[in-house]
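**Student:** The structure is given below, and queries will be raised subsequently.
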Amino acid sequence: MKINNKIEIIAPAYHADDDQITLHEIKQFFHQNNFEYSYHEKFLAKNSFGKLAAEKAIRVEGIKRAFENMDSTIIWSYSGGYGCTELINEIINLKPNFPKLLIGFSDITALHLLFNQHLNLPSIHGPPLRTLVSSQSTMKHKILNVLNGKDNSLKLEPINNSAKLQENYKINGELTGGNLTVYTHMIGTKLHPVTKNKILIFEDVNEKSYAIHRNLVHLANADIFNDVKAI
Numbered sequence: 042m043k044i045n046n047k048i049e050i051i052a053p054a055y056h057a058d059d060d061q062i063t064l065h066e067i068k069q070f071f072h073q074n075n076f077e078y079s080y081h082e083k084f085l086a087k088n089s090f091g092k093l094a095a096e097k098a099i100r101v102e103g104i105k106r107a108f109e110n111m112d113s114t115i116i117w118s119y120s121g122g123y124g125c126t127e128l129i130n131e132i133i134n135l136k137p138n139f140p141k142l143l144i145g146f147s148d149i150t151a152l153h154l155l156f157n158q159h160l161n162l163p164s165i166h167g168p169p170l171r172t173l174v175s176s177q178s179t180m181k182h183k184i185l186n187v188l189n190g191k192d193n194s195l196k197l198e199p200i201n202n203s204a205k206l207q208e209n210y211k212i213n214g215e216l217t218g219g220n221l222t223v224y225t226h227m228i229g230t231k232l233h234p235v236t237k238n239k240i241l242i243f244e245d246v247n248e249k250s251y252a253i254h255r256n257l258v259h260l261a262n263a264d265i266f267n268d269v270k271a272i
């Protein structure tokens with residue numbers, strides 16, 4: 042089933058120095074693929090910290106606007122980076138007017154937990170718009186396939202003996218996870234991960250091996266891996 046092609050862009054995390062050029066490329070991408078879009082007029086106003094897309098209040102307003110927009114069915118993040126976790130307490134009680142789909146990865150992991158676990162709504166762990174329009178992006182056709190109701194498949198290679206023994210069996214479960222560092226930092230919050238009978242997916246880039254190990258140990262010590270179907 043094809044998803045409604047009206048999109049609300051949110052920027053709850055980082056901005057970049059070339060935002061206006063990137064925004065122009067995003068608009069071109071939407072026009073070329075017959076998507077309608079809208080966004081908070083100050084969503085890339087930047088903030089005093091220097092890295093975030095806008096002050097905290099504006100980023101919260103952007104999410105609230107996306108929830109209340111009666112025209113859009115897709116909420117697509119502009120960028121990842123950092124910033125979403127500090128918004129959780131302000132948005133935990135917000136609810137969209139009707140079911141909507143969230144798209145993003147990296148720092149947007151915090152919002153995936155909000156959608157999947159708290160609001161019981163679907164989301165796509167897929168490229169933020171800034172990443173999508175990058176000249177090196179190979180993800181455009183895949184995300185368009187999803188939004189146009191076409192099937193996508195991923196081939197997963199087993200990486201340990203337990204997984205190899207299960208290679209010919211079907212493993213079923215709801216997907217959860219996202220960015221490893223952000224997911225770890227959600228432990229003990231109002232969006233503490235619930236993982237029983239679920240399949241966990243993790244991604245991270247430019248992290249030292251000891252940092253990856255530290256996060257995995259923390260997840261294990263917090264019993265996050267208990268009773269999961271697969272990682």
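48 is the number that my numbering gives to position 7 of the sequence shown; each next residue is one higher, with no gaps. For every residue, glycine included, the Cβ atom is placed at its ideal position computed from N, Cα and C. Since the structure is predicted, the reported quantities are computational estimates derived from the model, not experimental observations.
1. How long is the line joining the alpha carbons of I50 and S178, rounded to whole angstroms?
2. For E66, I'd like the list of residues in its chain whose CB is within less than 6 Å of its CB, leaving aside the five on either flank, ordered along the chain.
3. Could you work out which residue in E77, I253, N238 and E102 is closest to D112 when comparing CA atoms only?
4. For K4, which residues from the same chain have a beta carbon less than 6 Å from its beta carbon, with the 5 sequence-adjacent residues on both sides left out?
5. When you compare only the Cα positions, how much space is there between P140 and S79?
6. What is the DSSP secondary structure of F76, reduced to helix, strand or coil?
7. How far does the alpha helix (DSSP H) with H259 in it extend, from its first residue to its last?
8. With H, G and I counted as helix, E and B as strand and the rest as coil, what does DSSP make of N202?
9. Mind checking whether P169 and S118 have CB atoms under 7 Å apart?
10. Name the residue from I242, L216 and K270 whose alpha carbon lies nearest to the alpha carbon of Q207.
11. Compare the Cα-Cα distances from N75 to each of L260, H153, N189 and K83 and report the closest residue.
12. Does DSSP put A95 in a helix, in a strand, or in coil?
13. Taking the C-alpha atoms as reference points, what is the distance between F243 and I62?
**Tutor:** With the given structure in hand:
1. 19 Å
2. V174
3. E77
4. Outside the displayed span of the chain (42 to 272) sits residue 4, for which this structure offers no information.
5. 18 Å
6. coil
7. S250 to N262
8. helix
9. yes
10. K270
11. N189
12. strand
13. 30 Å
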